Amino acid sequence: MISYPNIDPEIIHIGGGFGIRWYGVMYFLAFAISLFLVKKFFRERKIFVSNEFIADLILAALIGVIIGGRLGHVLTSYQSFYFSNPIEIFKIWKGGMGFFGGVVGVAISIYIFSKIQKISFYKIMDLIIPCVPIGIGLVRIGNFINGELYGRITKSPICMYFPADPQNCRYPSQLLQFLLEGVALFLILFFLRKKEWKPGTLSWLFIVLYGIFRFIAEFWREPQPEQPLIFSLTLAQIFSIIMIVAGMAMILKINWLEHFHFQQQIRKKS
Numbered sequence: 005m006i007s008y009p010n011i012d013p014e015i016i017h018i019g020g021g022f023g024i025r026w027y028g029v030m031y032f033l034a035f036a037i038s039l040f041l042v043k044k045f046f047r048e049r050k051i052f053v054s055n056e057f058i059a060d061l062i063l064a065a066l067i068g069v070i071i072g073g074r075l076g077h078v079l080t081s082y083q084s085f086y087f088s089n090p091i092e093i094f095k096i097w098k099g100g101m102g103f104f105g106g107v108v109g110v111a112i113s114i115y116i117f118s119k120i121q122k123i124s125f126y127k128i129m130d131l132i133i134p135c136v137p138i139g140i141g142l143v144r145i146g147n148f149i150n151g152e153l154y155g156r157i158t159k160s161p162i163c164m165y166f167p168a169d170p171q172n173c174r175y176p177s178q179l180l181q182f183l184l185e186g187v188a189l190f191l192i193l194f195f196l197r198k199k200e201w202k203p204g205t206l207s208w209l210f211i212v213l214y215g216i217f218r219f220i221a222e223f224w225r226e227p228q229p230e231q232p233l234i235f236s237l238t239l240a241q242i243f244s245i246i247m248i249v250a251g252m253a254m255i256l257k258i259n260w261l262e263h264f265h266f267q268q269q270i271r272k273k274s
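According to our numbering, the stretch in the sequence shown is residues 5 to 274, in order.
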């Protein structure tokens, strides 16, 4: 058994239900680190844009993540609580974000940004996608400090007693997800970004890899009480399977089917 550090989720208490929390700090760190890395990625590709452009890009992504992630969480977890206490929907500093909703939110926000700026949606997504695991990983640390989204009951030597359930020793699934969805996924995408990919390939590869890692992590994570199991799989695992299949299909379409159609057209003309 490993002792839970029991860190106060609130760094500074202001009063009236407000304060500076570690969960919010993780979002700020994700924004700051992503800003630094995206500048680096643009320079590597010899794409020269203003600092304001990059800041607006990261801000657009952050807004999409927050709105989409929060809506995804509200609609798939603890619906009865939020519908009975609608003001709680807006208290994002307390935690509670859905990754799958965040993916949809950031895709929509970057799509709108790309249309406004008249640039390729896929090219801009491929540039920023290696930064996404940083945000995921840091938010998992925030979940751990909040003592939420913990793992299943286990007798494993790495189990912990969380304040919300002091009777049962559980997997620290937030830390396991931090390692898989944060550290491992970031390192893979960080090194793969150097290769020349067709636009959209790296973004869809992220979808596939995240789906695989999340599917695995769900075996450690305690299922949400209001989400029924489907064929013994959690709702997140069902979404993960959809992500894996959709991602692989899109990678195939981008890289091989278009090449195949091109070859067919050449043969017809020869």
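Virtual Cβ for every residue (Gly too), placed ideally from N, Cα, C. Just so we're clear, the structure is a prediction, and the values are computed from it rather than from any experiment.
7 angstroms CB neighbourhood of residue i in its chain, flanking five on each side removed
{"i": "isoleucine 133", "result": "Leu193, Leu206, Ser207, Phe210"}
{"i": "tryptophan 224", "result": "Gly155, Arg156, Tyr175, Ser177, Leu180"}
{"i": "alanine 240", "result": "Arg218, Glu222"}
{"i": "asparagine 172", "result": "Ile157"}
Own chain, CB closer than 6 angstroms to residue i, minus 5 neighbours either side, in chain order
{"i": "phenylalanine 104", "result": "Gly76, Phe243"}
{"i": "tyrosine 31", "result": "none"}
{"i": "glycine 251", "result": "Trp208, Ile211, Val212"}
{"i": "leucine 131", "result": "Phe45"}
{"i": "glycine 106", "result": "Val69, Gly72, Gly73"}
Close-in-space but distant-in-sequence residues of the same chain around residue i (CB under 8 angstroms, 5 per side omitted)
{"i": "isoleucine 15", "result": "Gly23, Ile24, Arg25, Trp26, Val29"}
{"i": "valine 53", "result": "Phe46"}
Distance, residue j Cα to residue i Cα
{"i": "isoleucine 96", "j": "glycine 186", "result": "21 angstroms"}
{"i": "leucine 196", "j": "isoleucine 58", "result": "21 angstroms"}
{"i": "glutamine 231", "j": "threonine 80", "result": "7 angstroms"}
{"i": "tyrosine 86", "j": "tyrosine 115", "result": "29 angstroms"}
{"i": "glycine 102", "j": "isoleucine 71", "result": "10 angstroms"}
{"i": "isoleucine 123", "j": "valine 249", "result": "28 angstroms"}
{"i": "tyrosine 8", "j": "methionine 254", "result": "42 angstroms"}
{"i": "tyrosine 82", "j": "proline 229", "result": "8 angstroms"}
{"i": "arginine 199", "j": "asparagine 55", "result": "Contrary to the premise, residue 199 reads as lysine rather than arginine in this sequence. Cα-Cα distance, rounded: 25 angstroms."}
{"i": "isoleucine 18", "j": "alanine 188", "result": "36 angstroms"}
{"i": "arginine 49", "j": "valine 108", "result": "27 angstroms"}
{"i": "leucine 237", "j": "proline 227", "result": "9 angstroms"}
Contact check, residue i vs residue j, beta carbons under 7 angstroms
{"i": "glycine 215", "j": "tyrosine 126", "result": "no"}
{"i": "leucine 66", "j": "phenylalanine 35", "result": "yes"}
{"i": "isoleucine 140", "j": "isoleucine 37", "result": "no"}
{"i": "glycine 68", "j": "serine 113", "result": "yes"}
{"i": "isoleucine 145", "j": "phenylalanine 182", "result": "yes"}
{"i": "lysine 202", "j": "asparagine 147", "result": "no"}
{"i": "valine 78", "j": "isoleucine 93", "result": "yes"}
{"i": "leucine 33", "j": "leucine 142", "result": "yes"}
{"i": "leucine 213", "j": "cysteine 135", "result": "no"}
Identified DSSP bridge partners for residue i
{"i": "arginine 225", "result": "Gly155"}
{"i": "glycine 19", "result": "Phe22"}
{"i": "isoleucine 234", "result": "Leu237"}
{"i": "glutamate 14", "result": "Arg25"}
Within the segment 152-177, ranges of the beta strand (DSSP E) (whole runs, at least 3 residues):
164-166, 169-174
Pick out the complete alpha helix (DSSP H) segments inside the segment 71-111, 4 residues or longer, and give them in chain order.
83-88
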